[in-house]
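Asks: Below is a structure I'd like to ask you about.
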């Protein structure tokens, strides 16, 4: 029931002349709270020589700080990782009793620890109108969050936006569309205005072709796919940080691998650093490949695989017969006869002259 995939992410900056780079901060290592098991990870930087130091930011995210002592004409970053895509139930958590119904309040100590994730921007007219329209009737917290996430997904159309930066919630609402990072930041601000602690998350999204088409709803991707993605996380007492993907309207699952989770989007950018003025060409490639795929309920052995298993079994049988290897069944039953307990039927034989009679009496 195992499905392992290899993800490759390469980024290249090419400069029109040798330039000096300031220290570069790379946030492309899976975060410690990632639920998807990452079996291997490698980060490669070019050109050499360079110096690299790993550190953690105040939010606990891994950062690689890279320094180039000499002028360079290009800057390459390559990430290779292998992930175990075991299915994750996004609702596999419990809430503290006081947080099961919304609205609720964080206890004072927890509220102080979560302060950076509760900073709210002053809402513009569109965000204020949206907030006023949210039903404040007490209800189950998880139900409320699921409905809110789906509301944002239905209201904000997804678009691919290559220019840098994140739109303000007011811009996203005014355009009624946005990239994943725009929808994520909008959801973060809405959650904070509703009393939740929320943070912005940048990470990898892996989407695989389903083994079977769903009876209802969208079919999903037509080919295995990966990309950089953004979503929101909300802190729920008893459960911790729970991911909400406003682009899909779903809770995050095994396909979401967080790289950086921060109070502000700027602190989660994949690569940041200074460079002297120059002309730059930017290029990147991403791919995902299945490296280990064992049979599972939705994709069992095909005919060729099953015939190969049967052939191997027959070969093993022939080897055992040639070696005169025998097999007996029986062992020590739970009940044995008080008389003649050394008879084969009470030791190695499945049945004997008296076992069935005794069993019938015991059954009746």
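In the numbering used here, the protein residues as written are 113 to 476. All C-beta atoms, glycine included, are put in the ideal place defined by N, C-alpha and C.
#1: Shortest alpha-carbon distance to residue 138 belongs to which of 210, 428, 271 and 314?
#2: Check residue 477 in the structure and name its three-state DSSP category.
#3: Is it a yes or a no for the region 184–196 touching the region 144–152, going by three-plus beta-carbon pairs under 8 Å?
#4: Return the chain-ordered list of same chain residues with a C-beta closer than 7 Å to the C-beta of residue 271, the five sequence neighbours on each side being excluded.
#5: Under the rule that 16 or more other beta-carbon atoms within 10 Å means buried, what is residue 121, buried or exposed?
#6: Report yes or no: do the region 402–416 and the region 158–176 share at least 3 C-beta pairs separated by less than 8 Å?
#7: Alpha carbons only, please: which of 283, 209 and 287 is nearest the one belonging to residue 252?
#8: Grab me the residues of residue 298's own chain with a C-beta within less than 6 Å of its C-beta, minus the 5 sequence neighbours each way, in chain order.
#9: Taking its Cβ as the centre, do 16 or more other Cβ atoms sit within 10 Å of residue 453, making it buried, or is it exposed?
#10: Report buried or exposed for residue 359, applying the criterion of at least 16 other Cβ atoms within 10 angstroms of its Cβ.
#11: Buried or exposed: where does residue 260 fall if 16 or more other Cβ atoms within 10 Å of its Cβ makes it buried?
#12: Using only the alpha-carbon positions, how far apart do residue 494 and residue 250 sit?
#13: Could you name the residues of the same chain whose beta carbon sits closer than 6 Å to that of residue 276, not counting the 5 residues immediately before and after it, in chain order?
#14: Please state the DSSP three-state secondary structure of residue 272.
#15: Beta strand (DSSP E) containing residue 161: first to last residue?
#16: The alpha helix (DSSP H) with residue 145 in it runs from where to where?
#17: Confirm the yes/no value for this check: CB of residue 120, any heavy atom of the ligand GTP, distance under 7 Å.
#18: Secondary structure at residue 289, three-state DSSP: helix, strand or coil?
#19: Assign residue 303 to one of two classes, buried (16 or more other C-beta atoms within 10 Å of its C-beta) or exposed (fewer than that).
#20: Straight-line CA distance for residue 470 to residue 409?
#21: Grouping DSSP H, G and I as helix and E and B as strand, with all else coil, what is residue 243?
#22: Can you name the start and end residues of the beta strand (DSSP E) that residue 402 belongs to?
#23: Going by DSSP, what residue range makes up the beta strand (DSSP E) through residue 352?
#24: Can you give me the Cβ contacts of residue 167 inside the same chain, cut-off strictly under 7 Å, excluding the 5 residues immediately before and after it?
#25: Entirely within the region 296–364 and at least 3 residues each: give me those beta strand (DSSP E) ranges in chain order.
#26: Evaluate residue 180 with the Cβ neighbour count: other Cβ atoms within 10 Å of its Cβ, from every protein chain shown; 16 or more gives buried, anything less gives exposed.
#27: Less than 7 Å between C-beta atoms, sequence neighbours within five positions excluded: which residues of the same chain meet that for residue 351?
#28: Please work out which residues of its chain come closer than 8 Å, Cβ to Cβ, to residue 116, disregarding the five sequence neighbours upstream and downstream, and give them in chain order.
#29: Identify, in the order they occur along the chain, each residue of the same chain with its Cβ nearer than 6 Å to the Cβ of residue 342, setting aside the five sequence neighbours on each side.
#30: With respect to the alpha helix (DSSP H) encompassing residue 431, which residues constitute its N-terminal and C-terminal limits?
#31: Please state whether DSSP places residue 224 in a helix, a strand or coil.
#32: Once the 5 residues before and after residue 333 are set aside, which same chain residues still bring their CB inside 8 Å of it?
#33: In this structure, how does DSSP classify residue 200 when only helix, strand and coil are distinguished?
#34: Could you give the DSSP three-state label for residue 192: helix, strand or coil?
#35: Can you pull the DSSP bridge partners for residue 167?
#36: Using a threshold of 8 Å, state whether the C-beta atoms of residue 143 and residue 371 are closer than that.
Replies: Taking the geometry as given:
#1: 314
#2: Nothing can be reported for residue 477, as the shown portion of the chain is limited to 113 through 476.
#3: yes
#4: 289, 290 and 291
#5: buried
#6: no
#7: 209
#8: 281 and 284
#9: exposed
#10: buried
#11: buried
#12: As shown, the chain starts at 113 and ends at 476. That puts residue 494 outside it, with no answer to give.
#13: none
#14: coil
#15: Run containing residue 161: none; DSSP gives neither H nor E here.
#16: Counting along the chain, residue 145 falls outside any alpha helix (DSSP H), and DSSP gives it neither H nor E.
#17: What this structure holds is no ligand at all, so the ligand GTP is not there to describe.
#18: strand
#19: buried
#20: 41 Å
#21: helix
#22: 392–405
#23: 352–357
#24: 175 and 177
#25: 310–319, 337–348 and 352–357
#26: buried
#27: 205, 206 and 207
#28: 151, 194, 195, 196, 197, 402, 403, 404 and 405
#29: 292, 293, 296 and 314
#30: 415–434
#31: helix
#32: 319, 320 and 321
#33: coil
#34: strand
#35: 175
#36: yes
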